[in-house]
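Chains A and B are the protein sequences, given in the same order.
Reminder that position 82 of the first sequence reads as 80 in this note's numbering, one-by-one numbering, no gaps.
Reminder that position 46 of the second sequence reads as 55 in this note's numbering, one-by-one numbering, no gaps.
Heads up: the structure comes next, in structure tokens.
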Amino acid sequence: SQQGEEDPQALSIQEGENATMNCSYKTSINNLQWYRQNSGRGLVHLILIRSNEREKHSGRLRVTLDTSKKSSSLLITASRAADTASYFCATDQTGANNLFFGTGTRLTVIP
Amino acid sequence: DVKVTQSSRYLVKRTGEKVFLECVQDMDHENMFWYRQDPGLGLRLIYFSYDVKMKEKGDIPEGYSVSREKKERFSLILESASTNQTSMYLCASSQIPGQRGSGYTFGSGTRLTVV
């Protein structure tokens, strides 16, 4: 499969804690992207990290990329109840014209 | 605010019906995509289009067709709906590959139930 795989499948934390989600993939990539999906809605683009970058920040989000291990992580710091959603990684693979999405991590932040 | 609009949030159709799912984007994007999302399977690409009247099969095109007569509109057609096509359908658009870096913009999704 060309899809990425997120780990864990589900994560439950208390408000204020940090949440870390991981993504592994199998092929060479141009970039890797993270998306968020609220229940029953479409996906929203959060952040993109290029293959020559190792770390990127956006507000409370921190993304890392290790192309040697073909893995990425998304860290959400100081989580809020409003962060409750599913998070997906998507890979822009070399030679492909579309993104390949993982199966997602369901994050629940308990107030 | 730029967006991708899917014509229906919820749709119930009968087995054997021809179903049209419409998607319109206002960002002048070249690429448009149709995915279906099922529990445990993630998002799977049905078809995509990188230009008007152009289309490419994705991973699961069987039972579906698409139409792109205008740049801003990409329609997904279920020729004869079946119960295994009950799913959430997501439309997305993006800039051309040479301008990679902005990600996809998704519509809100259409939850289709075939009875």
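C-beta: ideal position from N, C-alpha, C; glycine also.
TODO: Run the CB neighbour count on B/Arg172, radius 10 Å, all protein chains shown included, and call it buried at 16 or more, exposed below.
DONE: What the structure shows of chain B is the stretch from 10 to 124, and residue 172 of chain B is not part of that stretch, so it cannot be assessed.
Open item on the list: Using CA atoms only, rank isn't needed, just tell me which of A/Gln31, A/Gln12, A/Thr92 and A/Asp5 is closest to A/Asn20.
Closed with: Residue mapping note: residue 20 of chain A aligns to position 22 of the first sequence, counting from 1. Of A/Gln31, A/Gln12, A/Thr92 and A/Asp5, the residue nearest in Cα terms is A/Asp5.
Task: Cβ-based burial, A/Thr101 [other Cβ within 10 Å; buried from 16] - done: What you label residue 101 of chain A is simply residue 103 of the first sequence in a count that begins at 1. A/Thr101 should be labelled buried.
Task: Residue ranges of each beta strand (DSSP E) within the region 8 to 38 of chain A, 3 or longer - done: 8 to 12, 17 to 22 and 27 to 35
- [ ] Hey, could you find the ends of the beta strand (DSSP E) A/Gln91 is sitting in?
- [x] For this step, residue 91 of chain A is matched to residue 93 along the first sequence. A/Gln91 -> beta strand (DSSP E) spans Ala83 to Gln91.
Open item on the list: Between B/Val13, B/Gln94 and B/Glu26, which has its C-alpha nearest B/Glu39's C-alpha?
Closed with: Here residue 39 of chain B corresponds to residue number 30 of the second sequence, with the count starting at 1. It is B/Val13.
Task: Simplified DSSP assignment, three categories, for A/Ala76 - done: Against the first sequence, residue 76 of chain A aligns to sequence position 78. Here A/Ala76 sits in coil by DSSP.
Open item on the list: Quick check: the Cα distance between A/Asn29 and B/Arg23, rounded to an integer number of angstroms?
Closed with: Indexing the first sequence from 1 puts residue 29 of chain A at position 31. Indexing the second sequence from 1 puts residue 23 of chain B at position 14. Within the model, the alpha-carbon separation for A/Asn29 versus B/Arg23 is close to 41 Å.
Open item on the list: Looking at B/Leu99: is its Cβ nearer than 8 Å to the Cβ of B/Gly72?
Closed with: Sequence index remark: in the second sequence, residue 99 of chain B carries index 90 (1-based). Sequence index remark: in the second sequence, residue 72 of chain B carries index 63 (1-based). No, they are not a contact pair.
Task: Three-state secondary structure assigned by DSSP to B/Gln15 - done: If you number the second sequence from 1, residue 15 of chain B lands on position 6. Collapsing the DSSP output to three states places B/Gln15 in a strand.
Open item on the list: My output table needs one value for B/Thr114: the three-state DSSP class, helix, strand or coil.
Closed with: In the second sequence, counting from the first residue as 1, residue 114 of chain B sits at position 105. Residue state, collapsed to three classes: strand.
- [ ] Within the same chain, show all residues whose beta-carbon is closer than 7 Å to that of B/Val21, passing over the 5 residues directly before and after it, in chain order.
- [x] Within the second sequence, residue 21 of chain B is the residue found at index 12, counting from 1. Leaving aside the five residues that flank B/Val21 on each side, the residues in its chain whose CB is nearer than 7 Å to its CB run, in chain order, Thr122 and Val124.
- [ ] Could you tell me how far apart the beta carbons of B/Tyr44 and B/Arg53 are, in whole angstroms, since I believe they sit closer than 8 Å?
- [x] For the purposes of this step, residue 44 of chain B is taken as the residue at position 35 of the second sequence. For the purposes of this step, residue 53 of chain B is taken as the residue at position 44 of the second sequence. Cβ atoms of B/Tyr44 and B/Arg53 come within 8 Å of each other, at about 6 Å.
TODO: Closer than 8 Å, Cβ to Cβ, to anything on chain A: give me those residues from the region 47 to 81 of chain B, in chain order.
DONE: Gly49, Leu50, Gly51, Leu52, Leu54, Phe57, Tyr59, Glu65 and Gly67
- [ ] Using a cut-off of 7 Å between C-beta atoms, extract the partners of A/Gln127 located in chain B.
- [x] Any answer about residue 127 of chain A is impossible in this case: the structure gives chain A only from -1 up to 109.
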